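Chemist:
Residue numbers (this note's numbering), protein chains in the order written: chain A, 1 to 399; chain B, 1001 to 1399.
1) In the segment 348-378 of chain A, which residue ranges form an unbroken alpha helix (DSSP H) of at least 4 residues, counting only runs that do not cross its ends?
2) Quick check on DSSP: helix, strand or coil for residue 397 (chain A)?
3) Assign residue 48 (chain A) to one of two classes, buried (16 or more other C-beta atoms within 10 Å of its C-beta) or exposed (fewer than that).
4) Closer than 8 Å, Cβ to Cβ, to anything on chain B: give me those residues from the segment 2-22 of chain A, in chain order.
5) By a C-beta neighbour count over all protein chains shown, 10 Å radius and 16 as the cutoff for buried, is residue 295 (chain A) buried or exposed?
6) Kindly say whether residue 131 (chain A), judged by its beta-carbon, lies nearer than 8 Å to any beta-carbon of chain B.
7) Starting from the beta carbon of residue 1224 (chain B), find every residue of chain A whose beta carbon is closer than 9 Å, and list them in chain order.
8) Who pairs with residue 1141 (chain B) in a beta bridge, going by DSSP?
9) For the alpha helix (DSSP H) that residue 89 (chain A) lies in, which residues bound it at each end?
10) Please report whether the beta-carbon of residue 1257 (chain B) lies at a distance below 8 Å from any beta-carbon of chain A.
11) Checking 8 Å against the spacing of the C-beta atoms, do residue 171 (chain A) and residue 73 (chain A) come in under that value?
12) List, in order along the chain, the chain A residues whose C-beta lies closer than 8 Å to that of residue 1352 (chain B)?
13) At a Cβ threshold of 8 Å, is residue 1069 (chain B) touching chain A?
14) Return the first residue and the last residue of the alpha helix (DSSP H) that residue 192 (chain A) is part of.
15) For my contact list, residue 1132 (chain B) and residue 1107 (chain B) are in at a C-beta cut-off of 8 Å; report their separation, rounded to the angstrom.
16) Closer than 8 Å is the cut-off here; do at least three beta carbon pairs connect the segment 373-390 of chain A with the segment 165-179 of chain A?
17) Is it buried or exposed for residue 222 (chain A), if we count other Cβ within 10 angstroms and need 16 for buried?
18) Anything in chain A within Cβ reach of residue 1269 (chain B), meaning under 8 Å, just list it in chain order.
19) Does the CB of residue 356 (chain A) have a neighbour CB from chain B at under 8 Å?
20) Give me the Cα-Cα distance between residue 1095 (chain B) and residue 1335 (chain B), rounded to the nearest whole angstrom.
21) What is the rounded straight-line gap between the Cα of residue 1397 (chain B) and the Cα of residue 1270 (chain B)?
22) From residue 1318 (chain B) to residue 1366 (chain B), what does the alpha carbon distance come to, in whole angstroms?
23) On a Cα-Cα basis, can you pick out the residue from B:1102, B:1362, B:1326 and B:1023 that is closest to residue 1226 (chain B)?
24) Are any of the Cβ atoms in chain B nearer than 8 Å to that of residue 143 (chain A)?
25) What's the C-alpha gap between residue 1350 (chain B) and residue 1147 (chain B)?
26) Restricting to Cα atoms, I'd like to know which of A:310, A:322 and A:205 is closest to residue 450 (chain A).
27) At 9 Å on the CB atoms, spell out the chain A contacts of residue 1049 (chain B), in chain order.
28) Since residue 311 (chain A) meets chain B, which of its residues come closer than 7 Å, beta carbon to beta carbon?
29) Residue 1181 (chain B) by DSSP, collapsed to three states: which one?
30) Can a CB atom of chain A be found closer than 8 Å to the CB of residue 1203 (chain B)?
31) Going straight from the alpha carbon of residue 346 (chain A) to that of residue 329 (chain A), what length do you get?
32) Tell me whether residue 315 (chain A) is buried or exposed, calling it buried when 16 or more other Cβ atoms sit within 10 Å of its Cβ.
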């Protein structure tokens, strides 16, 4: 008969989930109350307001979908796309491919704009494709490709989409709170994120936001949304404004306590400070990795500070390195996916995990493991480089 | 700026969520580890085994969907139903109506077998409808209607469905662990439940199980499942057997810790003992309510022990009673829905909340509130009746 499960303490430096603060874990363990309890409804309102803060938006339709990021993606597509629609999907990694699957399963026609894995989406190619397909109503792309560590230029891509009277769906799963996602300033029409990346909450919720143009599209649909569970017309009755909420589904109460606490922490820090922290720790990690002779997959201008794709050096057994990190140091990093399998590691510095301590313990562990595998490197150079980059981070445990 | 949210301690005696054990809450607060971590994968296997125990099945395809019960319902329909199919939906409350919505959103044709709210599904009417519609491939019904407190006869309804070469989809959201759900013995083809009812876990997960006939139906589909997130072909790659798991979506790690602990507790008690406990506490509640002059909506033979629909007496302000219970006693009970709105209260004794203490505090509070509203009753009779019914429950705080 199975016994209680006691997980070890890991340091989560992969592509997500990231380290979760004890404050968030403790919040999740608070007493469960009803999903229609007036106190819970008041908490929901606070949560919506804090998600608006994180997304930099005034959109009324801003809420956490009661399921992981993949369901947030599906929420965007099933509500905004109808059978027979043409949808441009920009693909430069795994998650663009998942968008394509979503379009097809809506009975719509995906038109692909493909860039190499590790490259950002090319706005010129998007524009050319829009010119060639005047019937397209929707453009979708991934701002922060979790499979490669590339950031695409959301602001420009949304501009291009709008020039051709399209709505823009933006995947911000890994972006949100790690790098700017300016929903209102950039005019993003629909966006979804994940709780378990730079928000440092546990996995299982997907914050989403839809602007007025997206809501109008949903209201004017000719057919019902194919998913009952993800139908925003119904979800809004529960997450809407006012004290009278209509039961739709039973909200994941305790998971929402956790997200609420994670967002309180984000507000306490200030989102601009969170972006700066992600940038600073990335720079230290980068300097350390380069001092170790390692190189990053992505060109500097398009790198996500929260997710670093590091090339596996010739002759190194990449899986053995990850196993050693996990088993000896209890540190998780990610493997490459698709065409990058075996070729890169994905090192995340997301949310709470983006801190100088993690930069140093990772560099130190990696140095030891690579040395043990016979990879020649300048011992100690990585930590020195990282420490140099971290000097002056007064609010953190180095200075 | 919002502060941390500190919910009060409620006693949850509504239609769910039910009271969550501190053991489950504490489990949810354990450190988050990765969804591909070998230790997490081992935990998933234990979880599947314990869900098989709860569902009384050997079905390999038994797992928790990463979203609430509504998504479990949708998982059953989108995987087993294709556009153009005829599906018989038996409706005797809210959740049969939701099944109809699911069928329609699959592009299929629902054929309704309707019974009054408060009545069980009539097997003879199902059989007549099957005879009249020989092209039907699927029958769906709710074993435990959460909106009315009625239990339908799953075993017989599945038999009828099988006689007509149909697969049977059974909604066991409120049934599982409160009253027998014998997946293998009764031959249920597809079943879904909720974490937040008689399993006494927090809301947000939906255990499901599919037998070999259902899996064959899914494998032989002519079109892809319309939901990427809920496509069992893909989910099985992650929840399947063996140590090599394919990433699908990021599992809600900490929520699964909670469900694991709730299932450990169910195994410790023994599911037959859990059923008996639900029955015994129902009998005490019933005796107490009747001693107070209140009556139950459902005929004794079809009552769910875990969910009691109580008629609101003439002249009583039902909402004021619920408000007083919540505000003065921190006890939540449920209101009626649809045609039963304003006419019934729904009193749940589910999972951990099914205990003699809750029976007595509820009866006592209700007696005081109804007296204060001027409803004449025999003071003290309810508790005496409940105590008499509870005599001999040696393992609980009465004897």
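All C-beta atoms in this analysis are idealised placements derived from N, C-alpha and C, irrespective of residue type, glycine included. Predicted model only: the values in this text are computed from it and were never measured.
Modeler: With the structure as the only source:
1) 356-372
2) On the first chain, residue 397 (chain A) is found 397 positions in, with the first residue counted as 1. Here the model assigns residue 397 (chain A) a pLDDT of 44, short of 50, so the residue's position is not dependable, and the following value carries that caveat. Looking at residue 397 (chain A) - three-state DSSP - the assignment turns out to be coil, as it is neither helix nor strand.
3) For the purposes of this step, residue 48 (chain A) is taken as the residue at position 48 of the first chain. By the 10 Å Cβ count, residue 48 (chain A) comes out buried.
4) Cβ contacts with chain B: 2, 3, 4, 5, 6, 7, 8, 9, 10, 12, 14, 16, 17, 19 and 20.
5) As a first step, residue 295 (chain A) is located in the first chain; it is residue number 295 there, counting from the start. Answer is exposed; the Cβ neighbour count stays below 16.
6) For the purposes of this step, residue 131 (chain A) is taken as residue 131 along the first chain, with counting starting at 1. By this cut-off, residue 131 (chain A) is not an interface position.
7) Taking the second chain and counting its residues from 1, one reaches residue 1224 (chain B) at position 224. Chain A residues near residue 1224 (chain B): 101, 104 and 105.
8) Sequence index remark: in the second chain, residue 1141 (chain B) carries index 141 (1-based). Beta-bridge pairing links residue 1141 (chain B) to B:1170.
9) Against the first chain, residue 89 (chain A) aligns to sequence position 89. No alpha helix (DSSP H) holds residue 89 (chain A); the beta strand (DSSP E) holding it covers 86-91.
10) Here residue 1257 (chain B) corresponds to residue number 257 of the second chain, with the count starting at 1. It does: the Cβ of residue 1257 (chain B) has a partner Cβ on chain A nearer than 8 Å.
11) Counting from one through the first chain, the residue named residue 171 (chain A) turns up at place 171. Counting from one through the first chain, the residue named residue 73 (chain A) turns up at place 73. Cβ distance < 8 Å, so residue 171 (chain A) and residue 73 (chain A) count as in contact.
12) Along the second chain, read from residue 1 onward, the residue named residue 1352 (chain B) stands at position 352. None at all; the shortest Cβ gap to chain A is about 10 Å.
13) Reading the second chain from its first residue, position 69 is the one you call residue 1069 (chain B). Chain A, which has a Cβ nearer than 8 Å to the Cβ of residue 1069 (chain B), makes this yes.
14) As a first step, residue 192 (chain A) must be located in the first chain, where it is residue number 192. Residue 192 (chain A): not part of any alpha helix (DSSP H); member of the beta strand (DSSP E) spanning 190-192, first to last residue.
15) Locating residue 1132 (chain B) in the second chain gives position 132, counting from the first residue. Locating residue 1107 (chain B) in the second chain gives position 107, counting from the first residue. Contact flag wrong, Cβ pair sits at about 22 Å.
16) No, the segment 373-390 of chain A does not touch the segment 165-179 of chain A.
17) Indexing the first chain from 1 puts residue 222 (chain A) at position 222. Residue 222 (chain A) is exposed by the Cβ-count criterion.
18) As a first step, residue 1269 (chain B) must be located in the second chain, where it is residue number 269. Result: empty, since nearest Cβ-Cβ is about 11 Å, beyond 8 Å.
19) Residue numbering aside, residue 356 (chain A) sits at position 356 when the first chain is read from its first letter. So, not an interface residue.
20) The residue labelled residue 1095 (chain B) in the question sits at position 95 within the second chain. The residue labelled residue 1335 (chain B) in the question sits at position 335 within the second chain. Taking the straight line joining both Cα atoms gives about 15 Å.
21) In the second chain, counting from the first residue as 1, residue 1397 (chain B) sits at position 397. In the second chain, counting from the first residue as 1, residue 1270 (chain B) sits at position 270. Low per-residue confidence applies at residue 1397 (chain B): pLDDT is 44, beneath 50, and the placement is therefore not dependable, though the value from the model is reported in the following sentence. Residue 1270 (chain B) has its alpha-carbon roughly 19 Å from the corresponding atom of residue 1397 (chain B).
22) Numbered from 1 along the second chain, position 318 holds the residue referred to as residue 1318 (chain B). Numbered from 1 along the second chain, position 366 holds the residue referred to as residue 1366 (chain B). Approximately 11 Å between the Cα atoms of the pair.
23) Translated into positions along the second chain, residue 1226 (chain B) becomes position 226. The shortest C-alpha separation from residue 1226 (chain B) is found at B:1102.
24) Start at 1 with the first residue of the first chain, and residue 143 (chain A) comes out as number 143. Residue 143 (chain A) does not count as touching chain B.
25) One-based indexing of the second chain puts residue 1350 (chain B) at position 350. One-based indexing of the second chain puts residue 1147 (chain B) at position 147. Roughly 14 Å between the two C-alpha positions.
26) What the structure shows of chain A is the stretch from 1 to 399, and residue 450 (chain A) is not part of that stretch, so it cannot be assessed.
27) In the second chain, counting from the first residue as 1, residue 1049 (chain B) sits at position 49. Residues of chain A passing the Cβ test: 2.
28) Within the first chain, residue 311 (chain A) is the residue found at index 311, counting from 1. Residues of chain B passing the Cβ test: none, with the nearest at roughly 21 Å.
29) Along the second chain, read from residue 1 onward, the residue named residue 1181 (chain B) stands at position 181. In this structure, residue 1181 (chain B) counts as coil in the three-state DSSP scheme.
30) Residue 1203 (chain B) sits at position 203 when you count from the first residue of the second chain. So, interface residue.
31) By one-based count along the first chain, residue 346 (chain A) stands at place 346. By one-based count along the first chain, residue 329 (chain A) stands at place 329. Rounded to the nearest angstrom, the two C-alpha atoms are 17 Å apart.
32) Here residue 315 (chain A) refers to the residue found at position 315 when the first chain is read from its first residue. That one is exposed.
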